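Worksheet for the structure shown next.
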Amino acid sequence: MMTTRALLLSLVMVVASFGCADRDTISLDDEVGEDEDPFEPGESYASCNAAGECFNDWCLRPLDEPGFCTQACDPATPETCPDPGVGTATPVCVVVGQDAACALDCGGERDCPEGMRCEQVDVEGSARSICF
Numbered sequence: 537m538m539t540t541r542a543l544l545l546s547l548v549m550v551v552a553s554f555g556c557a558d559r560d561t562i563s564l565d566d567e568v569g570e571d572e573d574p575f576e577p578g579e580s581y582a583s584c585n586a587a588g589e590c591f592n593d594w595c596l597r598p599l600d601e602p603g604f605c606t607q608a609c610d611p612a613t614p615e616t617c618p619d620p621g622v623g624t625a626t627p628v629c630v631v632v633g634q635d636a637a638c639a640l641d642c643g644g645e646r647d648c649p650e651g652m653r654c655e656q657v658d659v660e661g662s663a664r665s666i667c668f
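My numbering puts the last residue of the sequence shown at 668; the count rises by one with no breaks.
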């Protein structure tokens, strides 16, 4: 009987402590804070420093700078590159050496997703503005 009473008293104390605990208000917000990566680690356009961090094992980046996870594409069908869902940069397929990869074109005043920066790079001998 004493064991049941002790168990009941313990349960009451635990429940009472929940009622007295401080609770922070949590709001769900679709907006991403400044410098936060709006993409899940490893998915297309998520920040990366090495290919192993990406689901498709491809991290496109300028030398000695962070880049973004990407995937192979066909320049003839750039619509296969995923839309990031944030920012106004346009998904494009750019030639990188002997391959082609999805990127976000930030030329013409288009905005990169939060956490990315717009950089001018050389793509096939032409200057292009790409989000990194």
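C-beta atoms are modelled at their ideal positions from N, C-alpha and C, and glycine is treated no differently.
The structure presented is a predicted model; accordingly, all values stated were derived computationally and were not measured.
(message) Closest to Asp647 by C-alpha separation, out of Cys584, Pro574, Thr624 and Phe575, would be which residue?
(response) Taking the first residue of the sequence shown as 1, we reach residue 647 at position 111. For Asp647, the nearest C-alpha among the options comes from Thr624.
(message) Please state the DSSP three-state secondary structure of Val657.
(response) Here residue 657 is taken as the residue at index 121 of the sequence shown, counted from 1. Strand, per DSSP.
(message) With H, G and I counted as helix, E and B as strand and the rest as coil, what does DSSP make of Gly643?
(response) Taking the first residue of the sequence shown as position 1, residue 643 is located at position 107. The answer is coil: DSSP assigns Gly643 none of H, G, I, E or B.
(message) Between the alpha carbons of Pro620 and Glu579, how many angstroms are there, rounded?
(response) Translated into the one-based positions of the sequence shown, residue 620 becomes position 84. Translated into the one-based positions of the sequence shown, residue 579 becomes position 43. Going from the Cα of Pro620 to the Cα of Glu579 covers about 10 Å.
(request) Note down the Cα distance separating Asp658 from Pro618, rounded to an integer number of angstroms. (result) Along the sequence shown, read from residue 1 onward, the residue named residue 658 stands at position 122. Along the sequence shown, read from residue 1 onward, the residue named residue 618 stands at position 82. C-alpha separation (whole angstroms): 22 Å.
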